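Participant:
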Amino acid sequence: MFTGIVQGKGRVIAIEDKGDFRTHIIELPSELVNNLETGASIANNGCCLTVTKIDGNKISFDLVKETLRLTNLGELTVGSEVNIERAAKYGDEIGGHVMSGHIVTTAEIAKIITSENNLQIWFRIFDQTLMKYILHKGFIGIDGISLTIGDVVNNRFCVHLIPETRDRTTLGRKRLGDKVNIELDPQTQAIVDTVERVMAQQALTVKLQATHEEENEK
1 MFTGIVQGKG
11 RVIAIEDKGD
21 FRTHIIELPS
31 ELVNNLETGA
41 SIANNGCCLT
51 VTKIDGNKIS
61 FDLVKETLRL
71 TNLGELTVGS
81 EVNIERAAKY
91 GDEIGGHVMS
101 GHIVTTAEIA
111 KIITSENNLQ
121 IWFRIFDQTL
131 MKYILHKGFI
141 GIDGISLTIG
151 DVVNNRFCVH
161 LIPETRDRTT
171 LGRKRLGDKV
181 NIELDPQTQA
191 IVDTVERVMA
201 QQALTVKLQA
211 THEEENEK
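Numbering-wise, the UniProt record's numbering puts 160 at position 160 of the sequence shown, and it's gapless, one number per residue.
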């Protein structure tokens with residue numbers, strides 16, 4: 001489990017490609033390596049990955065084909081930076097919102113509006129069927145960052161970054177067309193899906209009642 005509060009940035013120092021399988025090695029800030037063990041979970045750009053090897057502050061992660069397909073991790077190169085969050089522990093403060101580290105889709109940056117103390121970024125989501133879960137003032141995970149959704153228009157939505165978030169994460173240096181990982185809020189998904197099921201059942205009930213009344217009138 002994660003909270004969407006990025007703890008630091010890691011730098012890709014090596015990539016080993018093995019067909020549909022990849023190992024990347026991330027150099028982590030020293031404070032994020034304390035008590036780290038192999039098998040632990042760390043979010044890389046919001047994607048939950050398992051630590052496979054520890055060499056000082058050089059940490060190895062394996063990425064399977066599905067991870068490379070669904071996330072932006074397959075586009076990383078040596079020198080790329082990623083947002084890093086260690087898994088939450090029982091009793092930790094949840095400063096963002098509960099996140100699983102399971103990326104459902106990606107979005108591209110469609111527009112960037114900058115001002116002195118605010119950075120507004122608009123995203124275009126690739127899977128438009130997921131837009132029903134992206135609601136004004138709802139929660140969303142973007143490259144592992146817990147953010148509040150601003151305006152929503154068609155297949156686009158925006159977020160606002162304060163200077164702290166802009167500087168602490170990689171979003172402040174993103175460019176138009178860059179791809180980001182998207183994790184949806186599971187509570188929002190559950191509510192939307194439940195409402196859809198109830199409405200569909202009600203519509204079916206009304207249709208069956210109308211059919212029954214027509215048959216009785218014959």
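All C-beta atoms, glycine included, are put in the ideal place defined by N, C-alpha and C.
What you are looking at is a predicted structure, and each value in this text was computed from that prediction instead of being measured.
Whether or not the region 9 to 28 and the region 91 to 101 are in contact is what I'm after, with contact meaning three or more pairs of Cβ atoms, one per stretch, closer than 8 Å; do they touch?
Facilitator: no
Participant: I'd like to confirm the pairing. Which residues does DSSP put opposite Met99 in its beta bridges?
Facilitator: Along the sequence shown, read from residue 1 onward, the residue named residue 99 stands at position 99. DSSP, once it has assigned bridges, lists Phe2 as partnering Met99.
Participant: Can you give me the start and stop residues for the alpha helix (DSSP H) that Glu65 sits inside?
Facilitator: Against the sequence shown, residue 65 aligns to sequence position 65. Position check: residue 65 holds Lys in this sequence, whereas Glu was assumed. Segment Lys65 to Leu70, the alpha helix (DSSP H) holding Lys65.
Participant: Within its chain, find whatever has a CB closer than 6 Å to the CB of Thr188; leave out the 5 residues flanking it on each side and keep chain order.
Facilitator: Here residue 188 refers to the residue found at position 188 of the sequence shown. Excluding residues within five positions, the ones whose Cβ falls inside 6 Å are Tyr133 and Gly138.
Participant: Below 8 Å, how does it come out for the region 120 to 128 and the region 147 to 166: are there three or more Cβ pairs, yes or no?
Facilitator: yes
Participant: Would you give the residue range spanned by the beta strand (DSSP E) that Glu116 belongs to?
Facilitator: Counted from its first residue, the sequence shown places residue 116 at position 116. That residue, Glu116, is in no beta strand (DSSP E); it is neither H nor E in DSSP.
Participant: Please state the DSSP three-state secondary structure of Val198.
Facilitator: Stepping through the sequence shown from its first residue, residue 198 is reached at position 198. In the structure shown, Val198 sits in a helix (DSSP, three-state: H, G or I).
Participant: Using the C-alpha atoms, what's the distance from Cys48 back to Gly4?
Facilitator: For this step, residue 4 is matched to residue 4 along the sequence shown. For this step, residue 48 is matched to residue 48 along the sequence shown. The alpha-carbon atoms of Gly4 and Cys48 are separated by roughly 12 Å.
Participant: Can you tell me whether Ser80 is helix, strand or coil according to DSSP?
Facilitator: Within the sequence shown, numbered from 1, the residue matching residue 80 stands at position 80. Coil.
Participant: Check whether the Cβ atoms of Phe21 and Ala88 lie closer than 8 Å to each other.
Facilitator: Looking up residue 21 in the sequence shown gives position 21. Looking up residue 88 in the sequence shown gives position 88. Going by C-beta atoms, Phe21 is not nearer than 8 Å to Ala88.
Participant: Is Glu164 helix, strand or coil by DSSP?
Facilitator: For the purposes of this step, residue 164 is taken as the residue at position 164 of the sequence shown. Glu164: helix per DSSP, three-state reduction.
Participant: Any idea if Ala203 is buried or exposed, counting beta-carbon neighbours within 10 angstroms, 16 or more meaning buried?
Facilitator: Counted from its first residue, the sequence shown places residue 203 at position 203. Exposed.
Participant: Taking Cβ to Cβ, would you say Ile112 is nearer than 8 Å to Leu176?
Facilitator: Here residue 112 is taken as the residue at index 112 of the sequence shown, counted from 1. Here residue 176 is taken as the residue at index 176 of the sequence shown, counted from 1. Yes, the pair counts as a contact, with Cβ atoms nearer than the cut-off.
Participant: What residues are listed by DSSP as bridge partners for Lys132?
Facilitator: Along the sequence shown, read from residue 1 onward, the residue named residue 132 stands at position 132. Bridge partners of Lys132: none, in fact.
Participant: Let's see if you can read the secondary structure: which residues bound the beta strand (DSSP E) around Val33?
Facilitator: Mapped onto the sequence shown, residue 33 falls at position 33. No beta strand (DSSP E) contains Val33, which DSSP labels as neither H nor E.
Participant: Go ahead and pull the three-state DSSP assignment for Ala87.
Facilitator: The residue labelled residue 87 in the question sits at position 87 within the sequence shown. DSSP places Ala87 in the coil class of the three-state scheme, outside both helix and strand.
Participant: According to the neighbour-count rule (16 or more other Cβ atoms, all chains shown, within 10 Å of its Cβ), is Gln7 buried or exposed?
Facilitator: On the sequence shown, residue 7 is found 7 positions in, with the first residue counted as 1. The residue in question, Gln7, is buried, as its Cβ has 16 or more Cβ neighbours within 10 Å.
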